[in-house]
């Protein structure tokens, strides 16, 4: 096993271009999508209907600006329409006493994020109004607002900042995790391409019949692909935290575990794909289709939380990227511990076991 593992590393040392190209493309895409150093705020024009008095407008703007990554500006209705029509803003918001309306020029994922946040504000306002009506006290509203600003008990989760009620969108981490997991698929699966080439040449059968045990042959190839994939992801994460200032946090143990389980699942998926193909050229055609499809379904390109299509959500449950993205965002954005991400890690493990079992079975039959 060790000799096969060493042989794969010698081949990698002679031809490192593929891995280096994937790392370079990962960096370029992350910088292009997520930006570096600081995340620019998206300006959203906000107009108010006549039933919102001037004294209430500043309060609404302050509440809206609590949403990270967005800058809400009090704008006249005609100016909002003009900004949206000219494409200076993708959309605008009209705030009324009982409802809100969007002025939409171009549909973007940001609209769903803003809509969920505004819905939570209206939900909170409705609860306060109901409490005031039930109490019959004219000053109840003022008392409730003061108690909300200075609560007697501090809680870790507030309206609009829990994973169940509302998700926190971090454009930098979304791009970092999504692109890293996406390009890691290419690196890991193509690192196993030597197996497909040996199958095509017929040398794989001779290797299996050699004195080296089968499990050693498989483990040598799989472990080398595993190490290469893990190394690529960790290098990317470290680079963007140290050099570009991305806030990944300090829970590196959890991040390493997530990367390990995800890498195992992708290595197993690669083994399944290799078991299905007869030529290395077929692998080059199938891998991009599989990688792009999984990235689109699993939330690598955009947050899976904004997807409303039930069929897409169901399909995403069968994709390893879904669980890796969920676990990574859980520990870095929400600050959850290892116990919280146990479920996605277990799912990734069983996905890997299933794909590995089917893949090796196909290899043995052929």
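In UniProt numbering, the protein residues as written are 1 to 366. Glycine is no exception: its CB is placed at the ideal position from the N, C-alpha and C atoms.
Span separating the alpha-carbon of residue 104 from that of residue 258: 38 Å
Range covered by the alpha helix (DSSP H) that runs through residue 326: 320 to 332
Inter-residue Cα distance where the pair is residue 50 and residue 59: 16 Å
Strand pairing of residue 45, partner residues [DSSP]: 73
Buried or exposed by the 16-neighbour rule on C-beta atoms within 10 Å, applied to residue 85: exposed
Under 9 Å between C-beta atoms of residue 267 and residue 226: yes
Under the three-state DSSP convention, the category residue 91 falls into: strand
Other residues of its chain near residue 273: CB distance less than 8 Å, five sequence neighbours each side excluded: 189, 283, 286, 287, 290 and 359
Selection from 249, 265 and 120 that minimises the alpha carbon distance to residue 355: 265
Segments assigned alpha helix (DSSP H), at least 4 residues, entirely inside the segment 250 to 332: 252 to 276, 280 to 298, 310 to 316 and 320 to 332
In DSSP terms, what residue 101 is bridged to: 94
Helix, strand or coil at residue 62 [DSSP, three-state]: helix
When 117, 306, 184 and 75 are compared against residue 23, the one with the closest alpha-carbon: 184
DSSP three-state assignment for residue 240, whether helix, strand or coil: helix
Residue 191 to residue 218 span [Cα, whole Å]: 13 Å
Supposed contact pair residue 116 and residue 303 - C-beta distance, whole angstroms, cut 8 Å: Between residue 116 and residue 303 the Cβ distance is about 11 Å, and since that is not below 8 Å, they are no contact.
Segment contact, 8 Å Cβ cut-off, at least three pairs: the segment 321 to 328 with the segment 292 to 312: yes
CA-to-CA distance, residue 325 to residue 28, given in whole angstroms: 20 Å
Residue 178 to residue 172 span [Cα, whole Å]: 10 Å
Selection from 70, 133 and 195 that minimises the alpha carbon distance to residue 281: 195
Reference residue 33, options 193, 301, 275 and 118, closest by Cα: 301
Distance between residue 77 and residue 48 (C-alpha atoms, nearest Å): 8 Å
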